[in-house]
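Each number in the numbering used here corresponds to the 1-based position in the sequence shown with 201 added. Let me begin by presenting the structure, written as structure tokens, before commenting on it.
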Amino acid sequence: THFGYETIPEAEKQGRVAGVFTNVAESYDKMNDLMSLGVHRLWKDYFVSTLNPGATTPLGHPQKILDVAGGTGDIAFRMLHNSHVLNGNPNIELTISDINPAMLEVGRQRSLALPAEQQSCISFLEANAETLPSSIQDNSLDLYTVAFGIRNFTNMRAAIKEAHRVLKPGGVFACLEFSKVDRFPLFNAVYKQWSFSAIPLIGQLVAGDRDSYQYLVESIERFPTQVEFRDMIVEAGFDVAGEGYENLTGGIAAIHRGIKP
Ligand code: SAM
């Protein structure tokens with residue numbers, strides 16, 4: 202069953218995405234480890250290290266960050282660690298937003314294990330990335346992150362526009378997402394086999410939910426190429442440096458970055 206981005210009705214897509222993440226919220230972490238053989242942790246570590254939250258000039262200067270589709274806090278908690286522990290800058294304000302209350306609840310529970318001074322920097326916001334609430338003001342943020350979220354959005358262009366609206370001039374849009382393996386045909390063949398056969402099966406066995414994981418694999422397949430996605434970021438008004446993206450693990454994932462002029 203293949204449905205393109207253009208043909209799937211909006212309401213149906215939004216409903217389907219909500220269902221998927223309500224079903225997977227509980228088993229989410231375990232499944233990520235199994236599906237990526239643990240590599241998602243390395244990608245997330247690297248993503249956050251390249252953004253280096255808390256490294257402000259002057260040091261200790263306040264920094265406002267929004268982690269969109271932040272679900273279980275995987276990116277946000279790493280950013281807090283980077284800022285507080287590595288950069289010695291506790292002066293960051295971090296909002297974790299997600300459309301799905303079940304995913305946010307997992308993040309809220311997990312955040313209770315953080316040191317108190319880190320917990321006090323976080324707030325949680327239930328919001329659709331395509332229409333962020335007016336409480337997130339124009340030109341108000343230093344950094345906008347979205348990791349493994351944007352391919353689930355019904356209207357990615359609307360979300361990138363919203364990112365552009367809420368970032369300050371000089372603010373950074375950063376996206377970590379599954380992408381395309383294009384230069385290594387053999388590696389791609391193995392990866393495709395893994396995605397289409399093993400992942401739905403693991404979903405069935407471990408999470409008791411084959412369909413949700415089938416959906417995740419198909420959403421990766423439908424996502425634009427690195428260059429197409431880079432062009433969407435540029436169309437929304439961002440500047441990019443160099444190619445505008447960096448491939449991870451041969452392009453299984455990629456980091457895209459844009460700066461608001
Ligand atoms: N960022 C986390 C990570 O890297 O582990 C979570 C990623 S999870 C695969 C994708 C998240 O996107 C889910 O929590 C889902 O609820 C959220 N999501 C899907 N559509 C959304 C939308 N339109 N606006 C905001 N969040 C959305």
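Beta carbons are placed, not taken as given, at the ideal position from N, Cα and C, and that holds for glycine. Bear in mind that the values here come from a model prediction, so they are computed numbers and not experimental data.
Below 8 Å, too few C-beta pairs join the segment 329-342 and the segment 403-422 to call them touching: fewer than three. Residue environment analysis places Phe-354 among the buried positions, since at least 16 neighbouring C-beta atoms fall within 10 angstroms of its C-beta.
If you draw a 10 Å sphere on the C-beta of Gln-427, you find 16 or more other C-beta atoms in it, and that means buried.
In the DSSP assignment, His-365 falls within the unbroken alpha helix (DSSP H) covering 357-367.
If you check the C-beta of Glu-331 against the ligand SAM, you find a heavy atom less than 7 Å away.
By the criterion of at least three beta-carbon pairs nearer than 8 Å, the segment 274-294 is not in contact with the segment 362-371.
Phe-385 counts as exposed, since fewer than 16 other C-beta atoms from the protein chains shown sit within 10 angstroms of its C-beta. The closest CA to that of Lys-265, considering only Ala-454, Phe-248, Ile-297 and Gly-239, is found on Ile-297. By the neighbour-count criterion, in which a residue is buried when 16 or more other Cβ atoms sit within 10 angstroms of its Cβ, Asp-299 is buried.
If you look at Glu-327, you'll find it in the beta strand (DSSP E) that goes 323-327.
Measuring C-alpha to C-alpha distances from Glu-331 to each of Leu-315, Arg-352 and Pro-316 identifies Arg-352 as the nearest. Set against 7 Å, the gap from the CB of Ile-300 to the closest heavy atom of the ligand SAM is smaller.
Straight-line measurement puts the Cα of Gln-394 at about 44 Å from the Cα of Asp-339. Between the segment 239-253 and the segment 314-332 there are fewer than three inter-stretch CB-CB distances shorter than 8 Å, so the stretches are not counted as touching.
If you ignore the 5 residues before and after Leu-449, its C-beta comes within less than 6 Å of the C-beta of Trp-244, all in its own chain and listed in chain order. Between the beta-carbon of Phe-374 and that of Gly-438 there is about 10 Å, and that puts the pair past the 8 Å contact cut.
Cβ atoms of His-365 and Lys-461 come within 8 Å of each other, at about 6 Å. Cβ neighbours of Pro-263 within its own chain (closer than 6 Å, five residues either side excluded): Asn-292.
The residue from Glu-422, Met-433, Glu-447 and Leu-305 with its alpha-carbon nearest to that of Val-269 is Leu-305.
Taking Asp-440 as the centre and dropping the five residues before and after it, the same chain places the C-beta of Ile-460 and Pro-462 closer than 6 Å to its C-beta, in chain order. One Cα belongs to Phe-388, the other to Ile-453, and the distance between them is close to 10 Å. Residue burial is scored here from C-beta neighbours: Val-307 has at least 16 other C-beta atoms within 10 angstroms and is therefore classed as buried.
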